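Novice: Every letter in the sequence shown is one number past the one before it in this note's numbering, and letter 60, counting from 1, is 74.
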Amino acid sequence: MSALPLTLPFGVLRNGNRLKSFELFSINAGDLNLIQDDTYQKNHPSRWIARTICLCVDSIEGNSVRAEFDREGRKKYPEIVLDLPALDSAFVLYAAHSHLINEKITNVTSVCQMCQRKFTMDIETEDLAREINNDVSIMTSDDTFVVDLMDPYSYPVKDSQILDSNDPIVSLEFRIPTLGDSLKLETEFRDNEIHAEAALLSLVMKSATTTSGNLLKRQEIASVARKIINGVSARDVVAINNAFSRLPHMTPIVSVSCPLCSEDTEVSIRPTVLFPRVTISFSRNRTKE
Ligand SMILES: [Zn+2]
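(1) Comparing the CB of methionine 128 with every heavy atom of ligand 1, is any distance shorter than 8 Å?
(2) Could you check whether the Cβ of threonine 123 sits closer than 8 Å to any heavy atom belonging to ligand 1?
(3) Tell whether a beta-carbon distance below 9 Å holds between histidine 277 and methionine 128.
(4) Rounded C-beta distance between cysteine 68 and phenylalanine 83? I'm assuming under 8 Å.
(5) I'd like the list of long-range same chain contacts for asparagine 148, defined as Cβ closer than 8 Å, with 5 residues on each side in sequence excluded.
(6) Could I get the ranges of all uninterrupted beta strand (DSSP E) runs contained in the region 146-193, with 3 residues as the minimum, in chain order?
(7) Once the 5 residues before and after serine 271 are set aside, which same chain residues still bring their CB inside 8 Å of it?
(8) Which one of Glu93, Ser196 and Glu117 has the shortest CA to CA distance from valine 136?
(9) With H, G and I counted as helix, E and B as strand and the rest as coil, what does DSSP make of proline 273?
(10) Which residues bound the alpha helix (DSSP H) around proline 59?
(11) Skipping 5 residues on each side, what residues in its chain have a beta carbon closer than 6 Å to that of alanine 239?
(12) Would you call the CB atoms of asparagine 180 and serine 168 closer than 9 Å?
(13) Rounded to whole angstroms, what is the Cα-Cα separation between leucine 230 and asparagine 57?
(14) Look at the alpha carbon of threonine 223 and the alpha carbon of phenylalanine 159, and state the distance between them as a whole number of angstroms.
(15) Phenylalanine 105: which of Ala248, Pro19 and Ile243 sits nearest, CA to CA?
(16) Mind listing, in chain order, the continuous alpha helix (DSSP H) runs of no fewer than 4 residues lying wholly within the region 15-62?
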């Protein structure tokens, strides 16, 4: 049994280099208390992740995190944290738990898929490291990927001051979603996942290429990206979503053997089970001593 390595599975791209190694900060009881704020975690999950990372991470390859977060009065997240790919931000939470709290995630409750009974068990954090899909084959060296459209998208004439409606878009380039993207979306789309998905796709759309080979950069398409996502054919948006599902990601699901029936089942490890609050119960009998 060992704690997770302090190496980001994917890394933050900076000037062509992938920054991967990170140092943890020795959090104190006050920090832990902030991390254990269930209401904040429930109402602002992305901000909770960002704040927890800022509290627990000393630095990422020399780029200060905790000190800078404190220096900014904890009102601003350091850029390197905002640029963390989603996969890496989840990994940092598990690694922080394994080093700063416990190599095990204790008292995880689940329902067995075989016997349907509820059970509680401890999960080794290192088991989570196996659930990382690190396949970067669809990515370019720029951390982007391109989806060719099956149905070229013609822009409506009424908006043609931005795009040429006679020169349809044939491919779209996207960049990998980051923690900063989740933060942006959290404030706008808390209760509407379908709109949040379209918003994410338009947020990470980096460029578009047209039939004539014209490359439209982010600044040219930013204001119409949402319209493009809503306008592409149904099969193309499915293809785009499929491409996103092939990006490096972490599945917080661990296969275990059910402690009640011994059959194989799966346990989902949500960040809510990390950094558990320990309830101290004082015995009434103590007053009699
Ligand atoms: Zn069972």
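All residues carry an ideal CB built from backbone N, CA and C; glycine is no exception. Just so we're clear, the structure is a prediction, and the values are computed from it rather than from any experiment.
Specialist: Judging by the given coordinates:
(1) One-based indexing of the sequence shown puts residue 128 at position 114. Yes, the Cβ of methionine 128 comes within 8 Å of a heavy atom of ligand 1.
(2) The count along the sequence shown starts at 1 and reaches residue 123 at position 109. No, ligand 1 has no heavy atom inside 8 Å of this Cβ.
(3) Counting from one through the sequence shown, the residue named residue 277 turns up at place 263. Counting from one through the sequence shown, the residue named residue 128 turns up at place 114. Note that residue 277 is glutamate in the sequence shown, not histidine. Yes. Within cutoff.
(4) As a working mapping, residue 68 is identified with position 54 in the sequence shown. As a working mapping, residue 83 is identified with position 69 in the sequence shown. Yes, cysteine 68 and phenylalanine 83 are in contact; Cβ-Cβ is about 4 Å, under 8 Å.
(5) Here residue 148 corresponds to residue number 134 of the sequence shown, with the count starting at 1. Taken in chain order, the residues that qualify are Pro23, Phe24 and Pro262.
(6) The qualifying runs are 158-167 and 183-189.
(7) Within the sequence shown, numbered from 1, the residue matching residue 271 stands at position 257. So the list reads Glu277, Asp278 and Thr279, once near-sequence residues are dropped.
(8) The residue you call residue 136 lines up with position 122 of the sequence shown. Reading off the sequence shown, one finds aspartate at residue 136, where the question assumed valine. Of the listed residues, the one whose Cα sits closest to aspartate 136 is Glu117.
(9) Against the sequence shown, residue 273 aligns to sequence position 259. Three-state result, proline 273: coil.
(10) Stepping through the sequence shown from its first residue, residue 59 is reached at position 45. Unbroken alpha helix (DSSP H) run through proline 59: 59-70.
(11) Indexing the sequence shown from 1 puts residue 239 at position 225. Only Ser216 and Met219 meet the Cβ criterion.
(12) Here residue 180 is taken as the residue at index 166 of the sequence shown, counted from 1. Here residue 168 is taken as the residue at index 154 of the sequence shown, counted from 1. Contact: yes.
(13) Taking the sequence shown and counting its residues from 1, the one referred to as residue 230 is at position 216. Taking the sequence shown and counting its residues from 1, the one referred to as residue 57 is at position 43. The alpha-carbon atoms of leucine 230 and asparagine 57 are separated by roughly 37 Å.
(14) Numbered from its first residue, the sequence shown carries residue 223 at position 209. Numbered from its first residue, the sequence shown carries residue 159 at position 145. For threonine 223 and phenylalanine 159, the distance between alpha carbons rounds to 13 Å.
(15) Counted from its first residue, the sequence shown places residue 105 at position 91. Minimum Cα-Cα distance from phenylalanine 105 among the listed residues Ala248, Pro19 and Ile243 corresponds to Pro19.
(16) 43-49 and 52-57
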